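J.: As given, the protein sequences belong to chains B and Z, one line each in that order.
Each residue of the first sequence is one higher than the one before, counting from 55 in this note's numbering.
Each residue of the second sequence is one higher than the one before, counting from 55 in this note's numbering.
Quick one: structure below, then a few questions.
Protein chains: 2
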Amino acid sequence: MLNLPNQVTIIEVGPRDGLQNTQHIIPTIQKLNFIHSLQDAGIKEMEITSFVSPKWVPQMADHTDIVMNVNKIGKQYVLAPNEIGIQKALSLNSKAIAVFVGVSNTFNKKNINQTTLESMNTLTPIIKDLKKEGVFVRACISTAFYCPYEGGIFPEDTLALCRQFVDLGVDELSVADTIGMANPVESYSLFSLLKQELPNVLLTAHFHDTRQMALANIFASLQAGINRFDSSAGGLGGCPFAKGATGNVATEDVVFMLEQMGIQTGIDIQKVCKSLKHLQPFLKEEISSAQYKLYQQR
Amino acid sequence: MLNLPNQVTIIEVGPRDGLQNTQHIIPTIQKLNFIHSLQDAGIKEMEITSFVSPKWVPQMADHTDIVMNVNKIGKQYVLAPNEIGIQKALSLNSKAIAVFVGVSNTFNKKNINQTTLESMNTLTPIIKDLKKEGVFVRACISTAFYCPYEGGIFPEDTLALCRQFVDLGVDELSVADTIGMANPVESYSLFSLLKQELPNVLLTAHFHDTRQMALANIFASLQAGINRFDSSAGGLGGCPFAKGATGNVATEDVVFMLEQMGIQTGIDIQKVCKSLKHLQPFLKEEISSAQYKLYQQR
Chain B
55 MLNLPNQVTI IEVGPRDGLQ NTQHIIPTIQ KLNFIHSLQD AGIKEMEITS
105 FVSPKWVPQM ADHTDIVMNV NKIGKQYVLA PNEIGIQKAL SLNSKAIAVF
155 VGVSNTFNKK NINQTTLESM NTLTPIIKDL KKEGVFVRAC ISTAFYCPYE
205 GGIFPEDTLA LCRQFVDLGV DELSVADTIG MANPVESYSL FSLLKQELPN
255 VLLTAHFHDT RQMALANIFA SLQAGINRFD SSAGGLGGCP FAKGATGNVA
305 TEDVVFMLEQ MGIQTGIDIQ KVCKSLKHLQ PFLKEEISSA QYKLYQQR
Chain Z
55 MLNLPNQVTI IEVGPRDGLQ NTQHIIPTIQ KLNFIHSLQD AGIKEMEITS
105 FVSPKWVPQM ADHTDIVMNV NKIGKQYVLA PNEIGIQKAL SLNSKAIAVF
155 VGVSNTFNKK NINQTTLESM NTLTPIIKDL KKEGVFVRAC ISTAFYCPYE
205 GGIFPEDTLA LCRQFVDLGV DELSVADTIG MANPVESYSL FSLLKQELPN
255 VLLTAHFHDT RQMALANIFA SLQAGINRFD SSAGGLGGCP FAKGATGNVA
305 TEDVVFMLEQ MGIQTGIDIQ KVCKSLKHLQ PFLKEEISSA QYKLYQQR
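Below is the structure:
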């Protein structure tokens, strides 16, 4: 018998993780329209922007405008990679902050020029402060399965890093297959381990569809007891390898599979597709999720 | 715990089900090259052509030349929809013949102008004769989950039709989600039922990737005890709805997932991709499987 939940929470990462990797700068008003139409589609948790340096990520240069003007509906995460970003987010009254670190040293070093240990040393006092102030902390664990430089990651190493965050009091772990390489057996296995070892934290799975396995991984993770998934409307977002290959798994495709299996998400696929239709003219990339293609043919 | 097999048999349907739905007529020599290079990649079972009327399917008009000139390696299926096709296949010494029928009356009627019952009345004496002559009979059960006209199909109806074929002595049932609509729960459930009720027939699952769920369905079917899957190199084949959407699930993507999970297929992904690279110039459609995209970037 299959063991599946009745309900799943989708954390929409399109406006941050998705748009961050698009090639054109999207006007702020279009980003806000996108966020608001996704809220209208039933999205209740969303990464809305990132407090990174505009020098590194020009697309997120309007983070202040986004946070100031967004409708405060549901849970809204802002990503902040360091002390400066976090202070800025706090000054704008952000109530939920996402931090990130890679299990792989090499990946972390190439990504933010710190080893994993250095990152943790930096983040430790920050997270303690955030928790003192009652901020919801979401820790994004990248390269939890595979690293593009180091190859396979030991589940024990991912667990150890996750445990450090839990000990610091973070509220949620978003555990990511950053390069879209994990298979369903590995997903089932790692999430079963994390569920068992870390019962008192929200566990979220974050899959990329680089090798077409994202929905299979989600199905496997459901069986391991996971009921929170990151996804990106339109599958927008980083494709570290393949031109034209999808990056993040597409929200509308995840929702379709879940709802067809009788698992409630509260999200209206047609409305998600409509919000993508309005965004498409501002993108260089063509949106190519299965549900969006079907939507366009109506 | 997950219950998975150690080994899986892939039935390659690209040269028949795949090419049949392409828009350009492929030269016979290129089809033979394609078939032979897939054999070289480790494919051991393959649908190689179809004995249909050239009036209806011009792409398959060269079926005689294909059967006469193909290297006789592994198990080779030819599709034959009726008495004329079957006699022709037998006259060419075909040892394994595939017949097909839809669970949905409406689909069957639109597809071959007979109700399901009429099809079975036609096929019954033919199959009996084939079995008398020692021919391997593969029955392709289309619309086993959903029909584009009738909607959801009752599992009991699919089971009843499958049982009729088993009672006639067919060797294999290829049970298809023709419109790519089934979800993993339905796949697990139907294949568990068929496994239990029809223990003495080879059961093969045939998924389309129209809604991105094919690999998730395969993962679910593995858990139901299925260890035979139809797939099409490059994902070539019918896309009844979506322009640009994949039809059949791509062999190389299936093999990648299986091998990554430690399930042996005996198939070399790089060689499959190489055979696709040689075929691509003769196709109007662009091959867009995940593995082929990665292969092209090397």
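C-beta atoms are modelled at their ideal positions from N, C-alpha and C, and glycine is treated no differently.
All of these numbers come straight from a predicted model, not from anything done at the bench.
#1: Spatial neighbours of PRO135/B within its chain, please: CB distance less than 8 Å, with the 5 preceding and 5 following residues excluded, ordered by chain position.
#2: Cβ atoms of ILE102/Z and ILE120/Z: under 8 Å apart, would you say?
#3: Could you tell me the alpha carbon to alpha carbon distance between GLU137/B and GLU226/B, rounded to whole angstroms?
#4: Contact criterion: CB-CB distance below 8 Å. Does LEU56/B meet it with respect to chain Z?
#5: GLY72/B to GLY289/B, Cα distance in whole Å?
#6: Starting from the beta carbon of THR264/Z, find every residue of chain B whose beta carbon is closer than 7 Å, and list them in chain order.
#7: Going along the region 234–247 of chain B in order, which residues come within less than 7 Å of chain Z, judged by CB to CB distance?
#8: Would you mind stating whether THR63/Z and GLU99/Z have Cβ atoms separated by less than 8 Å?
#9: Could you tell me which residues DSSP pairs with CYS327/B in its beta bridges?
#10: Using beta carbons (cut-off 8 Å, strictly below), is GLN77/Z in contact with chain B?
#11: Output the distance between the C-alpha atoms of PRO238/B and ILE272/B, rounded to the nearest integer angstrom.
#12: Given ASP221/B, which residues of its chain have a CB within under 7 Å of its CB, disregarding the five upstream and five downstream residues?
#13: May I ask you to list, following chain order, the residues of the region 310–337 of chain B that have a beta carbon less than 8 Å from some beta carbon of chain Z?
#14: What span of residues does the beta strand (DSSP E) with HIS260/B cover, start to end?
#15: How is TYR203/Z classed by DSSP in three states: helix, strand or coil?
#16: Is SER329/B closer than 8 Å to LEU92/B when the C-beta atoms are compared?
#17: Looking at ILE323/Z: is its Cβ nearer than 8 Å to the Cβ of GLN334/Z?
#18: Are the region 248–259 of chain B and the region 242–262 of chain Z touching, with three or more C-beta to C-beta distances below 8 Å?
#19: Under the DSSP definition of a beta bridge, which residues are partnered with VAL132/B?
#20: Just curious, the alpha helix (DSSP H) that LEU177/B is in, first and last residue?
#21: Quick one: what's LEU227/B bridged to in DSSP?
#22: Identify the contact partners of ALA95/Z in chain B, using a Cβ-Cβ distance below 9 Å as the criterion.
#23: Using a Cβ cut-off of 7 Å, pull out every chain Z residue sitting near ALA274/B, in sequence order please.
#24: Determine the burial state of ARG192/B: buried for a count of at least 16 other Cβ atoms within 10 Å of its Cβ, exposed for fewer.
#25: Would a check of beta-carbon distances place ALA393/B closer than 8 Å to chain Z?
#26: Quick one: is SER145/B buried, meaning 16 or more other Cβ sit within 10 Å of its Cβ, or exposed?
#27: ALA150/B and ALA198/B: beta carbons closer than 8 Å?
#28: Give every residue of the same chain whose Cβ lies closer than 7 Å to the Cβ of THR319/B, excluding the five residues on either side of it in the sequence, and list them in chain order.
#29: Nearest by alpha-carbon distance to ILE233/B: which of GLN350/B, PRO179/B and SER158/B is it?
#30: LYS249/Z and GLY223/Z look like a contact to me (Cβ under 8 Å); what is the Cβ gap, rounded to whole Å?
#31: Tell me whether ALA304/B sits in a helix, a strand or coil according to DSSP, three-state version.
#32: Check ARG70/B in the structure and name its three-state DSSP category.
#33: Could you round the C-beta distance between CYS303/Z and LEU269/Z to whole angstroms and report it? I think they count as a contact, below 8 Å.
#34: Does any C-beta atom of chain Z lie closer than 8 Å to the C-beta of LEU290/B?
#35: Restricting to Cα atoms, I'd like to know which of GLU251/Z, LEU244/Z, THR82/Z and GLU306/Z is closest to GLU66/Z.
#36: At least one CB of chain Z closer than 8 Å to the CB of SER231/B: is that the case?
T.: Let me spell this out:
#1: As a working mapping, residue 135/B is identified with position 81 in the first sequence. Spatial neighbours of PRO135/B in its own chain (CB-CB distance under 8 Å, excluding positions within 5 residues in sequence) are listed in chain order as SER104, PHE105, VAL106, VAL153, PHE154 and ILE166.
#2: Translated into positions along the second sequence, residue 120/Z becomes position 66. Translated into positions along the second sequence, residue 102/Z becomes position 48. The answer is yes: Cβ separation under 8 Å.
#3: Within the first sequence, numbered from 1, the residue matching residue 137/B stands at position 83. Within the first sequence, numbered from 1, the residue matching residue 226/B stands at position 172. Going from the Cα of GLU137/B to the Cα of GLU226/B covers about 19 Å.
#4: In the first sequence, the residue the question calls residue 56/B occupies position 2. By the rule that beta-carbons nearer than 8 Å mark a contact, LEU56/B touches chain Z.
#5: Mapped onto the first sequence, residue 72/B falls at position 18. Mapped onto the first sequence, residue 289/B falls at position 235. Take the alpha-carbon of GLY72/B and the one of GLY289/B: they are about 7 Å apart.
#6: Counted from its first residue, the second sequence places residue 264/Z at position 210. Listed along chain B, the residues sitting closer than 7 Å to THR264/Z by beta-carbon distance are ALA344.
#7: Going along the region 234–247 of chain B in chain order, one finds ASN237, PRO238, VAL239 and TYR242 with a Cβ nearer than 7 Å to chain Z.
#8: Here residue 63/Z corresponds to residue number 9 of the second sequence, with the count starting at 1. Here residue 99/Z corresponds to residue number 45 of the second sequence, with the count starting at 1. Contact check for THR63/Z against GLU99/Z passes: the beta carbons are separated by less than 8 Å.
#9: Start at 1 with the first residue of the first sequence, and residue 327/B comes out as number 273. Paired residue(s): none; CYS327/B is not in a bridge.
#10: Along the second sequence, read from residue 1 onward, the residue named residue 77/Z stands at position 23. Not closer than 8 Å to any Cβ of chain B, the Cβ of GLN77/Z fails to qualify, so no.
#11: Against the first sequence, residue 238/B aligns to sequence position 184. Against the first sequence, residue 272/B aligns to sequence position 218. If I take the Cα positions, the gap works out to 8 Å.
#12: Against the first sequence, residue 221/B aligns to sequence position 167. Sequence-distant partners of ASP221/B (beyond 5 residues in either direction) whose C-beta falls short of 7 Å from its own C-beta are missing from its chain.
#13: Within the region 310–337 of chain B, the residues whose Cβ lies closer than 8 Å to any Cβ of chain Z are, in chain order, PHE310, MET311, GLN314, MET315 and GLY316.
#14: For the purposes of this step, residue 260/B is identified with residue 206 of the first sequence, where counting begins at 1. Start and end: 256–261.
#15: On the second sequence, position 149 is the one that residue 203/Z refers to. Here TYR203/Z sits in coil by DSSP.
#16: Counted from its first residue, the first sequence places residue 92/B at position 38. Counted from its first residue, the first sequence places residue 329/B at position 275. Result yes, Cβ atoms of LEU92/B and SER329/B sit closer than 8 Å.
#17: Locating residue 323/Z in the second sequence gives position 269, where the first residue counts as 1. Locating residue 334/Z in the second sequence gives position 280, where the first residue counts as 1. Cβ atoms of ILE323/Z and GLN334/Z: not closer than 8 Å.
#18: These segments do not touch.
#19: On the first sequence, position 78 is the one that residue 132/B refers to. Its beta-bridge partners are THR103/B and ILE151/B.
#20: Locating residue 177/B in the first sequence gives position 123, counting from the first residue. Its alpha helix (DSSP H) spans residues 170–186.
#21: Mapped onto the first sequence, residue 227/B falls at position 173. DSSP output for LEU227/B lists ALA193/B and LEU257/B as bridge partner(s).
#22: Here residue 95/Z corresponds to residue number 41 of the second sequence, with the count starting at 1. The premise fails here: ALA95/Z is roughly 18 Å from chain B at the closest Cβ pair, so nothing lies under 9 Å.
#23: Counting from one through the first sequence, the residue named residue 274/B turns up at place 220. By Cβ distance, chain Z contributes PHE273.
#24: As a position in the first sequence, residue 192/B is number 138, starting the count at 1. For ARG192/B, the number of other beta carbons within 10 angstroms of its own is at least 16, and it is reported as buried.
#25: This structure leaves residue 393/B out entirely; chain B is present only between 55 and 352.
#26: By one-based count along the first sequence, residue 145/B stands at place 91. Looking at its Cβ environment, which holds fewer than 16 other Cβ atoms inside 10 Å, SER145/B is exposed.
#27: As a working note, residue 150/B is residue 96 in the first sequence. As a working note, residue 198/B is residue 144 in the first sequence. Not closer than 8 Å, so no.
#28: Translated into the one-based positions of the first sequence, residue 319/B becomes position 265. Within the same chain, THR319/B has close Cβ partners VAL62, ILE64, VAL309, LEU312 and GLU313.
#29: As a first step, residue 233/B must be located in the first sequence, where it is residue number 179. Ranking GLN350/B, PRO179/B and SER158/B by Cα distance to ILE233/B puts SER158/B first.
#30: On the second sequence, residue 249/Z is found 195 positions in, with the first residue counted as 1. On the second sequence, residue 223/Z is found 169 positions in, with the first residue counted as 1. About 19 Å separates the two Cβ atoms, so there is no contact after all.
#31: On the first sequence, position 250 is the one that residue 304/B refers to. Correct three-state label for ALA304/B: strand.
#32: In the first sequence, counting from the first residue as 1, residue 70/B sits at position 16. Helix at ARG70/B.
#33: Here residue 303/Z refers to the residue found at position 249 when the second sequence is read from its first residue. Here residue 269/Z refers to the residue found at position 215 when the second sequence is read from its first residue. Reading off the sequence, residue 303/Z comes out as Val, not Cys. That belief holds up - the Cβ atoms of VAL303/Z and LEU269/Z are roughly 7 Å apart, short of 8 Å.
#34: Reading the first sequence from its first residue, position 236 is the one you call residue 290/B. Taking a beta-carbon distance threshold of 8 Å, LEU290/B does not count as an interface residue toward chain Z.
#35: Locating residue 66/Z in the second sequence gives position 12, where the first residue counts as 1. Minimum Cα-Cα distance from GLU66/Z among the listed residues GLU251/Z, LEU244/Z, THR82/Z and GLU306/Z corresponds to GLU306/Z.
#36: On the first sequence, residue 231/B is found 177 positions in, with the first residue counted as 1. The sequence as given places Asp at residue 231/B; Ser does not occur at that position. No - not a single Cβ of chain Z is within 8 Å of the one on ASP231/B.
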